[in-house]
Amino acid sequence: MTETIESAAQDGDRQRPRAGRRPRIHRAWIVAAVTFVTIIGGAAFNSLPGLLIDPLHTEFGWSRGEIGLAVSIDLALYGLTAPFAAALMDRFGIRRVVAAALTMVAAGALASVWMTASWQLMIYWGLLVGLGTGSMAMAFAATVTNRWFVARRGLVTGVLTAAGASGQLVFLPLCAWIVSEHGWRPASVTVALAALVVVPLVWLLMRDHPADVGLAPYGGAYVAKPAPARGAARRAVKVLFDAARTGPFWLLAGTFAICGASTNGLIRTHFVPSAHDHGMPITAAASLLAVIGVFDVIGTIFSGWLTDRFDARRLLAVYYALRGVSLLFLPMLMAPDVRPPMVFFIVFYGLDWVATVPPTLALCREQYGDDSAIVFGWVLASHQVGAAVVAFLGGVARDVFGTYDVVWYASGALCAVAALMALVIRRASAAAAEARAGSTASDGT
33 MTETIESAAQ DGDRQRPRAG RRPRIHRAWI VAAVTFVTII GGAAFNSLPG
83 LLIDPLHTEF GWSRGEIGLA VSIDLALYGL TAPFAAALMD RFGIRRVVAA
133 ALTMVAAGAL ASVWMTASWQ LMIYWGLLVG LGTGSMAMAF AATVTNRWFV
183 ARRGLVTGVL TAAGASGQLV FLPLCAWIVS EHGWRPASVT VALAALVVVP
233 LVWLLMRDHP ADVGLAPYGG AYVAKPAPAR GAARRAVKVL FDAARTGPFW
283 LLAGTFAICG ASTNGLIRTH FVPSAHDHGM PITAAASLLA VIGVFDVIGT
333 IFSGWLTDRF DARRLLAVYY ALRGVSLLFL PMLMAPDVRP PMVFFIVFYG
383 LDWVATVPPT LALCREQYGD DSAIVFGWVL ASHQVGAAVV AFLGGVARDV
433 FGTYDVVWYA SGALCAVAAL MALVIRRASA AAAEARAGST ASDGT
């Protein structure tokens, strides 16, 4: 029996000794697939804001700053919810939290169809959708990866991170066509239905822990399922206070805030209206963002592979430096039609879009051990706060200057700062990491 178990562990598939035949495909891969689809469903609504800025401005007369404020609330709550969602998953289980989050996203998307005032936009888009998507943020992917995988964590992190880009790839062209041909309301309904469709998949196929089905994590040894963690919110805050006393946390949070500012806050929110300012049709600009999604998947998975093999700090420095250089050139590439230099920018930016996630998560895991998923949730919160600030200020800059150029240049300079910050993150020694993990276990957290 011992030899059988050890042989299964070498295959990355060791399970608890029990009657029955070992499955051909480890259940961890099924859970990862459901997680991938779930993140796509939750990310669908994030494809809409950039497409709806001009239609909402035209229909209701709301300023781009007002619309940008609603988007910034959504982005900020997306990030601030993540660490509490990770703790709630420990308390109530992944299935319940994610199913409730998808329902909340659908409710916000449907309610927006009947809005008539900008404050309603902030409630539906900002509050409901922000809370819902935040519960399915990258901290969700980190929780699934940490529980279900020991081997291939970097690769799985890259694949699950790419799910958001895949949602963009699927929904951006579709929603752009719907907005152009039928208006923004049918597009909002489409996104709501997409979120609802995923709920049965989560409820039927998702499992909270490998021990629920008598398995070990992929590539690891069997461990019993821990008792539900009580005081989820208190634990999330405690982990934040503990991490905030360390220098690496602030460096990781700062670099990730710039990451959010230069992706979700800048390109995802303002690229389409900026391109439209230069005469490019909305459908063409949205298609370019969809191409970003294609190469985002490739770049993120490749980044996960690199993270398993190279120093995560140096990878981050390279990613941010290259991103900053590309943003400095973007204002010169804007034109009424799609030209080769713009295509090159889109491909390059897509490869770099969230390639920062696998090395950032790896550094959180290295520095903070068992608390890494919650710490990453707080780091993700900084990502979304950075995105929220630029989503709002980008709209204000457009209202004031009549152009987005100043925002592109400022974001490029910020990326250079992020590259330098990544290089000064210190490495955690193995002994320190083990001591931290032991301290966590002794506290019962």
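Residue numbers for the sequence shown follow the working numbering, beginning at 33 and rising by one. Glycine included, every Cβ here is placed at the ideal spot set by N, Cα and C. Model, not experiment: these values are computed from the prediction.
Rounded to whole angstroms, the gap between the alpha carbons of Trp282 and Gly297 is 20 Å. Excluding five sequence positions before and after Phe303, the CB atoms of its chain that fall closer than 8 Å to its own CB belong to Gly82, Ala317, Leu320, Leu321, given in chain order.
Checking the DSSP bridge columns, you'll see Tyr250 partnered with Phe181.
The distance from the Cβ of His310 to that of Ala367 is about 6 Å, consistent with a contact at the 8 Å cut-off. The beta-carbon separation of Thr392 and Val411, rounded to 7 Å, stays under the 8 Å limit for a contact. Going by beta carbons, Ala344 and Phe116 fall outside the 9 Å limit. Scanning its chain for C-beta atoms nearer than 7 Å, with the 5 sequence neighbours on each side dropped, one finds around Thr339 the residues Gly186, Leu347, Pro390, Pro391, Ala394, in chain order.
With distances taken between CA atoms, Arg59 lies nearest to Val245 out of Ala149, Val245, Tyr352, Glu398. Contact check for Gly190 against Leu109 fails: the beta carbons are separated by 9 Å or more. Of all alpha-carbon atoms in Leu455, Ser358, Gln416, Val379, the one lying nearest the alpha-carbon of Tyr441 is that of Ser358. The closest CA to that of His415, considering only Cys447, Gly434, Phe433, is found on Cys447. DSSP places Asp274 within a helical segment (H, G or I) once states are collapsed to three.
Contact between Asp402 and Gly97 does not hold, since their C-beta atoms are separated by about 43 Å, which reaches or exceeds 8 Å. Taking 9 Å as the cut-off, the beta carbon of Phe181 is found no closer than this to the beta carbon of Gly125.
Under the three-state reduction of DSSP output, Ser150 falls in the helix class.
Taking all protein chains shown into account, Gly427 has 16 or more neighbouring C-beta atoms within 10 Å of its C-beta and is therefore buried. Spanning the alpha carbons of Leu362 and Trp157 requires a straight line of approximately 29 Å. For Val350, the enclosing alpha helix (DSSP H) begins and ends at 344-365.
In the three-state reduction of the DSSP assignment, Asp340 falls in the coil class. Just so you know, the alpha carbons of Phe327 and Ala131 end up roughly 29 Å apart. The three-state reading of DSSP puts Ile71 in helix, counting H, G and I together.
The same chain holds no residue with a CB closer than 8 Å to that of Gly434 once the five nearest residues on each side in sequence are set aside. Rounded to whole angstroms, Ser104 and Leu84 show a C-alpha spacing of 14 Å. The Cβ atoms of Ser294 and Val422 sit closer than 9 Å to each other.
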